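K.L.:
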Amino acid sequence: MPDSVSPVTFPPSFLWGAATSAYQIEGAVREDGRTPSIWDTFSHTPGKTAGGENGDVAVDHYHRYRDDVALMAELGLNAYRFSVSWSRVQPTGRGPAVQRGLDFYRRLVDELLGRGIKPAVTLYHWDLPQELEDAGGWPERDTALRFAEYAALVGEALGDRVEHWITLNEPWCSAFLGYGSGVHAPGRTDPAASLRAAHHLNLAHGLGTTALRSVMPARNQIAVSLNSSVVRSLTQDPADLAAARRIDDLANGVFHGPMLHGAYPETLLASTASVTDWSYVLDGDVRTINAPLDALGLNYYTPALVSAAPGRIKGPRADGHGASDHSPWPAADDVLFHQTPGERTEMGWTIDPTGLYDLIMRYSREAPGLPLYITENGAAYDDKPDPDGRVHDPERIAYLHGHLAAVRRALTDGADVRGYYLWSLMDNFEWAYGYGKRFGAVYVDYATLERTPKSSARWYGEVARTGTLPAVEQPAA
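Take 199 as the starting number for the sequence shown in this note's numbering and just add one per residue.
#1: Beta-carbon within less than 7 Å of R279's beta-carbon, same chain only, minus the 5 sequence neighbours each way: which residues are those?
#2: Do three or more CB pairs link the segment 463-471 to the segment 480-489 at distances below 8 Å?
#3: Under the three-state reduction of DSSP, which class applies to E574: helix, strand or coil?
#4: Under three-state DSSP, which class holds H323?
#5: Should H403 be labelled buried (16 or more other beta-carbon atoms within 10 Å of its own) or exposed?
#6: In its own chain, which residues sit with a C-beta less than 8 Å from the C-beta of G540, not counting the 5 before and 5 after it?
#7: Classify E309: buried if its beta carbon has 16 or more other beta carbons within 10 angstroms, exposed otherwise.
#8: Ordered along the chain, which non-local residues of its own chain (more than five positions away) have a Cβ less than 7 Å from that of D388?
#9: Can you tell me where the alpha helix (DSSP H) with H601 in it begins and where it stops?
#10: Considering just the uninterrupted stretch of the alpha helix (DSSP H) at Q328, what are its terminal residues?
#11: Could you check which residue in Q537, C371, L273 has the C-alpha nearest to that of R430?
#12: Thinking C-beta only, is F453 closer than 8 Å to L424?
#13: With 16 other CB atoms within 10 Å as the buried threshold, where does S204 fall?
#14: To which residues of the same chain is L681 closer than 7 Å at the C-beta, ignoring the five residues directly before and after it?
#15: Among R359, T646, D581, A391, whose alpha-carbon lies nearest the alpha-carbon of S654?
#16: Just the C-alpha distance for A529 and T650, rounded to the nearest angstrom, thanks.
#17: I believe D556 touches V428 by the beta-carbon criterion, under 8 Å. Please report the beta-carbon distance rounded to the nearest angstrom.
#18: Could you check which residue in A613, H397, I315, V413 has the C-alpha nearest to that of G451?
#19: Could I get the ranges of all uninterrupted alpha helix (DSSP H) runs contained in the segment 207-235, with 4 residues as the minimum, in chain order?
#20: Can you list, in chain order, the residues of its chain whose CB lies under 7 Å from that of R444, leaving out five sequence neighbours each side?
#21: Assuming F240 and P384 form a contact by the criterion Cβ under 8 Å, report the distance between their Cβ atoms to the nearest whole angstrom.
#22: If contact is defined by three or more beta carbon pairs under 8 Å, each pair taking one atom from either stretch, is the segment 242-258 in contact with the segment 630-640?
#23: The beta strand (DSSP E) spanning Y278 covers which residue range?
#24: With DSSP run on the structure shown, which of helix, strand or coil describes P456?
#25: Is L534 helix, strand or coil when you go by DSSP?
#26: With distance defined between alpha-carbon atoms, name the residue in A506, G460, D447 nearest to A437.
#27: Applying the criterion that 16 or more other CB atoms from any shown protein chain within 10 Å of the CB defines a buried residue, is P244 buried or exposed?
#28: Using the C-alpha atoms, what's the distance from G659 back to Y597?
#29: Tell me whether Q297 is buried or exposed, calling it buried when 16 or more other Cβ atoms sit within 10 Å of its Cβ.
#30: Distance, Cα to Cα, A639 vs L275?
#31: Which residue spans inside the segment 457-512 form an unbroken beta strand (DSSP E) run of at least 3?
#32: State whether the segment 223-239 contacts the segment 336-351, with contact taken as three or more CB pairs (one from each stretch) at a distance under 8 Å.
#33: Taking the Cβ atom as the reference point for each residue, do V360 and R313 lie within a distance shorter than 8 Å?
#34: Kindly give me the distance between the Cβ atoms of R461 and G455, rounded to whole angstroms, as I take these residues to be in contact under 8 Å.
#35: Give the straight-line distance between the Cα atoms of T207 and L432, rounded to the nearest whole angstrom.
#36: Tell me the start and end of each unbroken beta strand (DSSP E) in the segment 309-395 that is at least 3 residues and wholly inside, in chain order.
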């Protein structure tokens, strides 16, 4: 898909934001009653993260949030998506809220609103309280019940001022990287447990949606953010097409099936029968999961290219979440992932804006009438300050231009996309990769924690202020 060669505009009401998550930026892991989450435990386990790095300090957003919000306003953003640390609000994952923990988010929301920035709250971005993992974690049904109680506590505290809510971020990662391949917290490698976790994450979403509606004004929007994969078949051979269908079920259908359509795909149930009997799906569960949504969040980075092949998936994978001898794809040992052609980011992910367009148009068909938000999209590059202290990242500008052009094309073709959240506002703790991968529009010096907007931050801010995607400069004749 070629980039636009002339300026294009977005609707005046379009939200221009950036996104972060609590464990990646907050730090202050032992302050105001917060207790360990699974990511605290995982990152302090030798060999689990690059260089043994962790989020103990991260980028110290907990103490610097006012300056960070001021920076958002300076750049021209009108929206900000952040997550709440569950163990900061409920240290044991159950019981009454710790008001000191909630007070941080109250202050953050007030600061955002005071700067004219719409807050969007994500309730769960992978940081399960460790006590709940000790009791069985997401493979256990009780965790979904605890999530609903937590959702109500946060909804009561912030629902009068926050209109945009997201129950879960990328439940695929929580289930399959956390309990299947083990490259994410809690680091378990049990295919059956990963499917049980997926179901209970779905159930948590449904119960949490209902809990939020019970305590918040009806005007508020409730959504979920899915990292739905754009799964492409290497060839049109029936075996390759069947492999693509199997991965599509495991990447997408396992979540959007019950959430949007009220049923798990029959092909998913059949292909995973050798791993699990799905007996933990009780009467009424899917109806609960299918609670009506007000919007859908889509996270996109790169497409997947697959074919049929014998042998377990090993080594670097198309989803870019690291290497493992354990597959994150239950009952898909005969599927081979291929590196898609094209330029790549520092993560090794192919840059392909057509995937974002295809994803948007798919969900316009899957969920007609449901507004869409791009809740994550961005790229990691090896950003370094120049001798003058400035950080130039033309590669990220080109990446953003291409993907925003894809969003605009989808709008032209009838998709109801209402906002875009860049991942990420600033460099931060990139999970198992530690601090080696920089996704931020704002550069962070990890020694001093000084923030420096990169050239992409200024460029994106201008797009946000004007609602206009500038023309692509044409080479001289």
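Beta carbons are placed, not taken as given, at the ideal position from N, Cα and C, and that holds for glycine.
Predicted model, so just to flag it, every value in this text is computed and none were measured.
P.N.:
With the structure as the only source:
#1: Counted from its first residue, the sequence shown places residue 279 at position 81. Shown here for R279: same chain residues with a beta carbon closer than 7 Å to its own, the five before and five after excluded, namely G215, A217, A318, T320, T573, Y619 in chain order.
#2: The answer is no - the segment 480-489 does not touch the segment 463-471, with fewer than three Cβ pairs under 8 Å.
#3: Counting from 1 along the sequence shown, the entry for residue 574 is found at position 376. Strand.
#4: For this step, residue 323 is matched to residue 125 along the sequence shown. Three-state result, H323: coil.
#5: By one-based count along the sequence shown, residue 403 stands at place 205. Burial call: buried.
#6: In the sequence shown, residue 540 corresponds to position 342, counting from 1. Excluding residues up to 5 positions away in sequence, T548, I549, D550 lie with their Cβ nearer than 8 Å to the Cβ of G540 in the same chain.
#7: Position 111 of the sequence shown, counting from 1, holds the residue named residue 309. When all chains shown are included, E309 counts as buried.
#8: As a first step, residue 388 is located in the sequence shown; it is residue number 190 there, counting from the start. For D388, where only same-chain residues beyond five positions count, the Cβ hits under 7 Å are Y377.
#9: Counting from 1 along the sequence shown, the entry for residue 601 is found at position 403. Unbroken alpha helix (DSSP H) run through H601: 592-610.
#10: Taking the first residue of the sequence shown as position 1, residue 328 is located at position 130. Going by DSSP, Q328 is part of the alpha helix (DSSP H) stretching over 328-332.
#11: Residue numbering aside, residue 430 sits at position 232 when the sequence shown is read from its first letter. Measuring from the Cα of R430, the nearest candidate turns out to be Q537.
#12: As a working mapping, residue 424 is identified with position 226 in the sequence shown. As a working mapping, residue 453 is identified with position 255 in the sequence shown. Yes, these two residues count as a Cβ contact at 8 Å.
#13: Taking the first residue of the sequence shown as 1, we reach residue 204 at position 6. Exposed, because fewer than 16 other Cβ atoms sit within 10 Å of the Cβ of S204.
#14: No answer is possible for residue 681: the residues shown for the chain start at 199 and end at 675.
#15: Sequence index remark: in the sequence shown, residue 654 carries index 456 (1-based). Cα-wise, what sits closest to S654 is D581.
#16: Position 331 of the sequence shown, counting from 1, holds the residue named residue 529. Position 452 of the sequence shown, counting from 1, holds the residue named residue 650. Between A529 and T650, the C-alpha separation is close to 46 Å.
#17: Counted from its first residue, the sequence shown places residue 556 at position 358. Counted from its first residue, the sequence shown places residue 428 at position 230. For a cut-off of 8 Å, the C-beta gap from D556 to V428 is around 5 Å, short enough to register as a contact.
#18: Along the sequence shown, read from residue 1 onward, the residue named residue 451 stands at position 253. Checking every option, the nearest Cα to that of G451 belongs to H397.
#19: Within the segment 207-235, the complete alpha helix (DSSP H) runs of at least 4 residues fall at 220-223.
#20: Numbered from 1 along the sequence shown, position 246 holds the residue referred to as residue 444. Closer than 7 Å at the Cβ level, and outside the excluded window around R444, lie S469, A530, V533.
#21: Taking the first residue of the sequence shown as 1, we reach residue 240 at position 42. Taking the first residue of the sequence shown as 1, we reach residue 384 at position 186. Here F240 really is in contact with P384; their C-beta atoms are around 6 Å apart, less than 8 Å.
#22: Segments in contact, yes.
#23: Reading the sequence shown from its first residue, position 80 is the one you call residue 278. 277-281 is the span of the beta strand (DSSP E), which, as asked, contains Y278.
#24: On the sequence shown, residue 456 is found 258 positions in, with the first residue counted as 1. Residue state for P456 is assigned as helix, using DSSP reduced to three classes.
#25: On the sequence shown, residue 534 is found 336 positions in, with the first residue counted as 1. When secondary structure is reduced to three states using DSSP, L534 falls in the strand class.
#26: Here residue 437 refers to the residue found at position 239 when the sequence shown is read from its first residue. Of all alpha-carbon atoms in A506, G460, D447, the one lying nearest the alpha-carbon of A437 is that of A506.
#27: Taking the sequence shown and counting its residues from 1, one reaches residue 244 at position 46. In this structure P244 is exposed. Its beta-carbon is surrounded by fewer than 16 other beta-carbon atoms within 10 angstroms.
#28: Taking the first residue of the sequence shown as 1, we reach residue 597 at position 399. Taking the first residue of the sequence shown as 1, we reach residue 659 at position 461. Going from the Cα of Y597 to the Cα of G659 covers about 15 Å.
#29: Against the sequence shown, residue 297 aligns to sequence position 99. Looking at its Cβ environment, which holds fewer than 16 other Cβ atoms inside 10 Å, Q297 is exposed.
#30: As a working note, residue 639 is residue 441 in the sequence shown. As a working note, residue 275 is residue 77 in the sequence shown. If you take the alpha carbons of A639 and L275, they lie about 12 Å apart.
#31: Those beta strand (DSSP E) runs which fall completely within the segment 457-512 and span 3+ residues are 494-497, 502-506.
#32: At 8 Å Cβ cutoff, the stretches do not touch.
#33: In the sequence shown, counting from the first residue as 1, residue 360 sits at position 162. In the sequence shown, counting from the first residue as 1, residue 313 sits at position 115. In this structure, V360 lies away from R313, with their beta-carbon atoms at least 8 Å apart.
#34: One-based indexing of the sequence shown puts residue 461 at position 263. One-based indexing of the sequence shown puts residue 455 at position 257. This sequence places Ala at residue 461; Arg is not what is there. Yes, they are in contact, since the Cβ atoms of A461 and G455 sit about 6 Å apart, within 8 Å.
#35: Within the sequence shown, the letter at position 9 stands for residue 207. Within the sequence shown, the letter at position 234 stands for residue 432. Spanning the two alpha carbons is a distance of roughly 35 Å.
#36: Runs of the beta strand (DSSP E) inside the segment 309-395: 316-322, 362-367.
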